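For reference, the structure is listed below as structure tokens.
In UniProt numbering, the protein residues as written are 1 to 118.
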């Protein structure tokens, strides 16, 4: 039975949805793919919160209900694995110090560009 794992993408409030999407699609996912190899999930789907226009130096979420404070994240990621054992293997590799160094490098690179995305 397939195992699904969902998590929120954190974001710097000064980033547009397009900047966040570009960073995740070109940096984070590629780093994850190269780190995980055959342990990369079957699917890695990202759904970004729409933030169409800058307002006073931030990018408010386009929401129908609730308030901006309910949307501090930039998106939701769904990872699908063949089973929970595959997820646990993935998590073990992802949590290892070597993988953490690569993630810090990606964060540091983005900070050098002016901000950070978590």
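Every residue, glycine too, gets a C-beta built ideally from N, C-alpha and C. Given the structure is predicted, the values throughout are model-derived calculations rather than measurements.
Are residue i and residue j close, meaning C-beta to C-beta below 8 Å?
i          : j          : result
residue 27 : residue 48 : no
residue 51 : residue 16 : yes
residue 39 : residue 89 : yes
residue 81 : residue 7  : no
residue 36 : residue 93 : yes
For the ligand ATP, is there any heavy atom lying closer than 7 Å to the beta carbon of residue i?
i          : result
residue 51 : The ligand content of the structure shown is nil, which means the ligand ATP is not present either.
In chain order, what residues of the same chain have a beta carbon less than 8 Å from the beta carbon of residue i, not counting five sequence neighbours either side?
i          : result
residue 63 : 70 and 71
residue 84 : 3
Tell me whether residue i sits in a helix, a strand or coil according to DSSP, three-state version.
i          : result
residue 49 : coil
residue 85 : helix
residue 78 : strand
residue 11 : coil
Looking only at its chain, what residues have a beta carbon closer than 6 Å to the beta carbon of residue i, apart from the 5 residues adjacent to it on each side?
i          : result
residue 45 : 78
For residue i, I'd like the list of residues in its chain whose CB is within less than 7 Å of its CB, leaving aside the five on either flank, ordered along the chain.
i          : result
residue 33 : 40
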